[in-house]
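These notes are about the structure you will find just below.
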Amino acid sequence: MPKTKREFALAGLKLDASAKKSLYLQLYEALRQAILEKQLRPGEQLPPTRELATDLSVSRTTVLLAFDHLLSEGYIEGKSGAGTFVSETIPEDLLEVCTDSVAKTAPFSVLPKISGRGERIKRVSVYTRKTRVNLQPFRPGIPALREFPQQLWTKLLARESRSISMETLGYGDPCGFRPLREAIADYLRISRAVRCDADQVIITNGSQQAIDLVNRVLLDEGEAAWTEEPGYSGFKESVASLGGRLIPVKVDEKGLCTTTGNAADPAARLAYVTPSHQYPLGVTMTLSRRIQLLDWAAKSRAWILEDDYDSEYRYTGHPISSLQGLDRNGCVIYMGTFSKVLFPGLGLGYLVVPHSLVDAFVSARSLSERQGSVITQATLAAFIEEGHFARHIRQMRMLYHERREMLLAALDRDLGGALSIFPTETGLQVTAKLHRGSDLDLTEKAAKIPLDVRALSTYYHDEKQSVNGIVLGFAAFDETEIANGVQSLAKLISG
107 MPKTKREFAL AGLKLDASAK KSLYLQLYEA LRQAILEKQL RPGEQLPPTR ELATDLSVSR
167 TTVLLAFDHL LSEGYIEGKS GAGTFVSETI PEDLLEVCTD SVAKTAPFSV LPKISGRGER
227 IKRVSVYTRK TRVNLQPFRP GIPALREFPQ QLWTKLLARE SRSISMETLG YGDPCGFRPL
287 REAIADYLRI SRAVRCDADQ VIITNGSQQA IDLVNRVLLD EGEAAWTEEP GYSGFKESVA
347 SLGGRLIPVK VDEKGLCTTT GNAADPAARL AYVTPSHQYP LGVTMTLSRR IQLLDWAAKS
407 RAWILEDDYD SEYRYTGHPI SSLQGLDRNG CVIYMGTFSK VLFPGLGLGY LVVPHSLVDA
467 FVSARSLSER QGSVITQATL AAFIEEGHFA RHIRQMRMLY HERREMLLAA LDRDLGGALS
527 IFPTETGLQV TAKLHRGSDL DLTEKAAKIP LDVRALSTYY HDEKQSVNGI VLGFAAFDET
587 EIANGVQSLA KLISG
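Numbering (the numbering used here), first residue to last: 107 to 601.
Have a look at this one:
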């Protein structure tokens with residue numbers, strides 16, 4: 107007897123008992139796919155559950171579970187006394203032929219449109235879902251994770267968890283855990299000459315949330331923001347996603363050029379700067395440039411966002427005092443992160459805002475998140491208060507200085523004629539100008555070795571003004587990794 111269409115559709119159906127996915131889900135997906143691809147057509151009868159269970163050598167319960175799943179989603183329907191049939195009422199968009207093992211989603215044309223803001227956010231490229239799990243030389247901005255006192259941190263975390271109070275279990279202050287804010291304010295006053303008290307400190311989930319808060323509170327759609335050229339893409343992408351206008355302002359050996367910004371757009375609402383250690387060039391903004399920038403902000407009634415992301419690591423002399431400490435008009439919002447000092451997985455940063463802005467920032471933060479992890483914040487507060495934070499910074503400053511010297515020596519030895527180092531005495535990375543070749547081609551080839559080298563040209567807003575170079579992080583890598591990495595890089599450049 108010739109096979110029916112239904113029998114042909116089910117003839118190749120096989121289930122794998124050794125697979126992680128349960129048998130009933132395998133059967134559900136196979137039948138669903140056959141329906142979507144019209145191998146089982148609307149109105150066609152399915153075999154009885156006992157018969158199908160026997161054919162597939164599975165229990166009847168497995169078949170019943172799969173049928174129940176299909177029935178609940180409307181793919182099949184039961185008719186009393188007649189059996190089970192493929193539903194006649196499946197929407198047309200679900201009947202499209204699927205070439206993949208997973209059903210396609212509905213075409214974009216039939217979905218509701220997202221907002222213009224949503225479209226802008228969708229185009230943001232600063233972070234992708236394909237994160238690099240394995241740490242490879244020379245990824246910039248990563249501290250020495252192997253040197254972090256993990257056992258001490260775990261001990262403090264356990265202690266804080268055991269001593270948790272009813273107050274800590276409930277909703278806390280949206281500004282963050284008060285003892286942590288007090289510890290940060292004390293630290294900043296002493297080490298960075300920041301003029302603040304704990305009421306001005308707002309804890310964030312890292313620097314990117316801090317940037318997003320600043321842009322949402324201070325920048326209206328269509329308003330302009332100065333950004334360093336070259337500069338940090340996280341700020342630029344945030345401004346663009348909110349409908350702001352980016353004004354790239356040249357950075358030279360003295361830092362951001364206020365005169366260039368004034369010529370481009372003197373009425374900008376906000377300026378983003380990294381004055382202590384410009385990212386990615388590494389220059390320190392001079393005192394005269396700082397005063398010029400503060401004068402512009404005061405006269406233009408504009409705001410300045412000072413990102414002081416790794417100012418702790420200066421290898422000659424004392425750390426430069428903050429821009430916020432020079433401000434007498436309340437124009438500067440100060441921003442910091444613990445990702446570069448401790449470890450990125452901590453996910454904690456902070457803002458120091460003028461008293462007049464505290465309520466606005468707290469409200470903005472509460473709209474997206476009521477509060478962060480109080481236990482983690484309490485652990486960090488103890489880490490700072492008990493002196494572990496200051497000790498760790500001192501130890502890492504010495505280690506990073508050694509690793510920086512190792513990298514510079516290796517670059518001079520193996521690549522002296524191929525690149526020029528941008529002079530800097532601070533930070534977790536070294537930036538160099540390439541004398542020949544394309545930095546984009548080089549980074550693409552390096553990724554296959556694998557080396558995590560960043561192209562300097564990608565930090566520019568205006569491609570025509572970009573400089574061909576590379577950014578090399580050194581803090582997270584030991585002597586062997588640095589030496590081998592530079593040798594591999596030299597082979598790529600020479601070959």
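C-beta: ideal position from N, C-alpha, C; glycine also.
It should be emphasised that the depicted structure is a prediction, and the values quoted were computed from it without experimental measurement.
Can you pull the DSSP bridge partners for VAL458?
Translated into the one-based positions of the sequence shown, residue 458 becomes position 352. VAL458 is bridged to VAL307, TYR440.
For ARG268, name the three-state secondary structure that DSSP assigns.
Stepping through the sequence shown from its first residue, residue 268 is reached at position 162. In this structure, ARG268 counts as helix in the three-state DSSP scheme.
Check whether the stretch 431–445 and the stretch 307–314 are in contact - that is, three or more C-beta pairs closer than 8 Å.
yes
Whole angstroms are fine: how far does the CA of GLN535 sit from the CA of GLY247?
Taking the first residue of the sequence shown as 1, we reach residue 247 at position 141. Taking the first residue of the sequence shown as 1, we reach residue 535 at position 429. Computed Cα separation, rounded: 7 Å.
Considering only residues of the same chain and omitting the five flanking positions on each side of LEU454, which have a CB-CB separation below 6 Å?
The residue you call residue 454 lines up with position 348 of the sequence shown. Around LEU454: PHE444.
6 Å CB neighbourhood of SER600 in its chain, flanking five on each side removed
The residue given as residue 600 occupies position 494 in the sequence shown. Hits under 6 Å: none found.
Could you tell me whether the stretch 329–342 touches the stretch 369–383, where touching means 3 or more Cβ pairs closer than 8 Å?
yes
Suppose only complete runs of 3+ residues qualify. What are the beta strand (DSSP E) ranges in the stretch 443–500, listed by chain order?
455–458
For ASN321, count neighbouring C-beta atoms within 10 Å of its own C-beta (all shown protein chains included) and say buried if the count is 16 or more, exposed if not.
Within the sequence shown, residue 321 is the residue found at index 215, counting from 1. Buried, because 16 or more other Cβ atoms sit within 10 Å of the Cβ of ASN321.
For a quick check, are the C-beta atoms of THR564 and SER417 less than 9 Å apart?
Walking along the sequence shown from the start, residue 564 turns up at place 458. Walking along the sequence shown from the start, residue 417 turns up at place 311. No.
Kindly indicate the opening and closing residues of the alpha helix (DSSP H) around THR190.
What you label residue 190 is simply residue 84 of the sequence shown in a count that begins at 1. Counting along the chain, THR190 falls outside any alpha helix (DSSP H), though it belongs to the beta strand (DSSP E) covering 189–192.
So what's LEU362 in DSSP terms, helix, strand or just coil?
Sequence index remark: in the sequence shown, residue 362 carries index 256 (1-based). In this structure, LEU362 counts as strand in the three-state DSSP scheme.
Going by DSSP, which residues form a beta bridge with TYR506?
The residue you call residue 506 lines up with position 400 of the sequence shown. None, per the DSSP bridge assignment.
Return yes when the Cβ of GLY361 is within less than 9 Å of the Cβ of VAL379, no when it is not.
In the sequence shown, residue 379 corresponds to position 273, counting from 1. In the sequence shown, residue 361 corresponds to position 255, counting from 1. In this structure, GLY361 lies closer than 9 Å to VAL379 by Cβ.
Classify GLU475: buried if its beta carbon has 16 or more other beta carbons within 10 angstroms, exposed otherwise.
Counting from one through the sequence shown, the residue named residue 475 turns up at place 369. Result: exposed.
Compare the beta carbon distance of THR422 and LEU262 with 9 Å and say whether it is the shorter of the two.
Taking the sequence shown and counting its residues from 1, the one referred to as residue 422 is at position 316. Taking the sequence shown and counting its residues from 1, the one referred to as residue 262 is at position 156. The answer is no: Cβ separation not under 9 Å.
Option nearest ILE227 by Cα separation, candidates VAL438, GLY340, SER428
Walking along the sequence shown from the start, residue 227 turns up at place 121. Nearest option by C-alpha distance: GLY340.
Judging by CA-CA distance, which residue of ILE426, PHE244, PHE191 is the nearest neighbour of LEU514?
Taking the sequence shown and counting its residues from 1, one reaches residue 514 at position 408. For the residues ILE426, PHE244, PHE191, the minimum Cα distance to LEU514 belongs to PHE244.
Nearest-angstrom beta carbon gap, LEU121 and VAL164 [assumed within contact, 8 Å]
As a first step, residue 164 must be located in the sequence shown, where it is residue number 58. As a first step, residue 121 must be located in the sequence shown, where it is residue number 15. Confirmed, about 6 Å.
Inter-residue CB distance, PRO610 and HIS567 (contact presumed, cutoff 8 Å):
The question about residue 610 has no answer here: the residues shown for the chain are numbered 107 through 601.
Indicate the three-state DSSP secondary structure (helix, strand or coil) for LYS356 in the structure shown.
Looking up residue 356 in the sequence shown gives position 250. LYS356 falls in the strand class under three-state DSSP.
Alpha-carbon spacing of LEU452 relative to ASP305, whole angstroms:
Along the sequence shown, read from residue 1 onward, the residue named residue 452 stands at position 346. Along the sequence shown, read from residue 1 onward, the residue named residue 305 stands at position 199. Answer to the nearest angstrom: the Cα atoms are 23 Å apart.
Unbroken alpha helix (DSSP H) runs of length 4 or more, entirely within the stretch 500–555: which are they?
545–552
Could you tell me the distance, in whole angstroms, from the CA atom of LEU540 to the CA atom of TYR419?
The sequence position of residue 540 within the sequence shown is 434, counting from 1. The sequence position of residue 419 within the sequence shown is 313, counting from 1. Looking at the two C-alpha atoms, the distance is approximately 26 Å.
Alpha carbon to alpha carbon, how far is LEU387 from GLY436? Give it in angstroms, no decimals.
Along the sequence shown, read from residue 1 onward, the residue named residue 436 stands at position 330. Along the sequence shown, read from residue 1 onward, the residue named residue 387 stands at position 281. The alpha-carbon atoms of GLY436 and LEU387 are separated by roughly 28 Å.
Can you look up VAL379 in the DSSP assignment and give me helix, strand or coil?
For the purposes of this step, residue 379 is taken as the residue at position 273 of the sequence shown. In the structure shown, VAL379 sits in a strand (DSSP, three-state: E or B).
Go through the stretch 123–182 residue by residue and report every complete run of the alpha helix (DSSP H) that reaches 4 residues or more, in order.
129–142, 155–162, 166–178
CB-CB under 6 Å to SER526, same chain, minus the five flanking residues each way: which ones, in chain order?
Translated into positions along the sequence shown, residue 526 becomes position 420. The answer, listed in chain order, is LYS539.
Smallest Cα separation from SER572: which of THR364, ASP358, GLN483?
Here residue 572 refers to the residue found at position 466 of the sequence shown. The candidate whose alpha carbon is nearest that of SER572 is ASP358.
Could you tell me if TYR277 is buried or exposed, where buried requires 16 or more neighbouring beta carbons within 10 angstroms of its beta carbon?
Against the sequence shown, residue 277 aligns to sequence position 171. That one is exposed.
Bounding residues of the alpha helix (DSSP H) (the contiguous stretch that carries VAL323)
By one-based count along the sequence shown, residue 323 stands at place 217. VAL323 -> alpha helix (DSSP H) spans 313–324.
Have a look at ALA212 and SER178 and give me their C-alpha separation to the nearest angstrom.
For this step, residue 212 is matched to residue 106 along the sequence shown. For this step, residue 178 is matched to residue 72 along the sequence shown. Only weak support is given to the placement of ALA212: the predicted model assigns it a pLDDT of 47, under 50, and the question is left unresolved by the model.
Among PHE489, GLU335, GLY367, LYS126, which residue has its Cα nearest to the Cα of GLU569?
Against the sequence shown, residue 569 aligns to sequence position 463. GLU569 has its Cα closest to that of GLU335, out of PHE489, GLU335, GLY367, LYS126.
Contact between the stretch 554–564 and the stretch 505–513: three or more CB pairs below 8 Å?
no
Candidates ARG519, GLY579, MET391, of which the one nearest VAL559 by Cα
Start at 1 with the first residue of the sequence shown, and residue 559 comes out as number 453. If we check each option's Cα against that of VAL559, GLY579 comes out closest.
Under the three-state DSSP convention, the category THR274 falls into
Looking up residue 274 in the sequence shown gives position 168. Helix at THR274.
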